[in-house]
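Numbering follows my numbering, with no gaps: position 42 of the sequence shown is 1179.
Backbone N, C-alpha and C define an ideal beta-carbon position, used for all residues, glycine too.
All figures in this text were calculated on a predicted structure; none of them were measured in a lab.
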Amino acid sequence: MDWQFNGLAWLSPLQLGDIQQSTYHITVTPATSHGATINPGPLAGVLPQMNELQQWVLCGIALLIISLVGLLIKFWWNGHQHTKEQS
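Have a look at this one:
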C-alpha cells in the first residue's frame, strides 16, 4: 500500500466551484390590487416598501417621541431655573 500525503487535497472541491460576480438593479413599485391603486401614504417617496398604515404608525411613534423629548426638556428647564434661583 502506497500512502501519499497531500496537505492541500482537501481544498480541491472548493477550487472547482464556479464563482461569478454580478450586479443587480432592483426597482420598487407600489403594490396594486386587481388594477385598483392603493393610497401610497405620506412617506411613499421615502419608504416605498411600507404600506399606508405602517407609515402612519411610524409617523405617530415619531410624534410621540418628539413630544416626550420636549416634555423632558421642559421639566429639565424648570428644574434648572428653580436651582438657579435658589443659588
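A direct Cα-to-Cα measurement between phenylalanine 1212 and leucine 1184 gives close to 34 Å. Between the beta-carbon of glycine 1178 and that of asparagine 1188 there is about 7 Å, and that keeps the pair under the 8 Å contact cut. Here glycine 1178 carries a coil assignment [DSSP, helix/strand/coil].
With 16 or more other Cβ atoms from the protein chains shown falling within 10 Å of its own Cβ, glutamine 1192 counts as buried. DSSP, read as helix, strand or coil, puts valine 1183 in coil. Taking C-alpha positions only, tyrosine 1161 is separated from glycine 1182 by approximately 21 Å.
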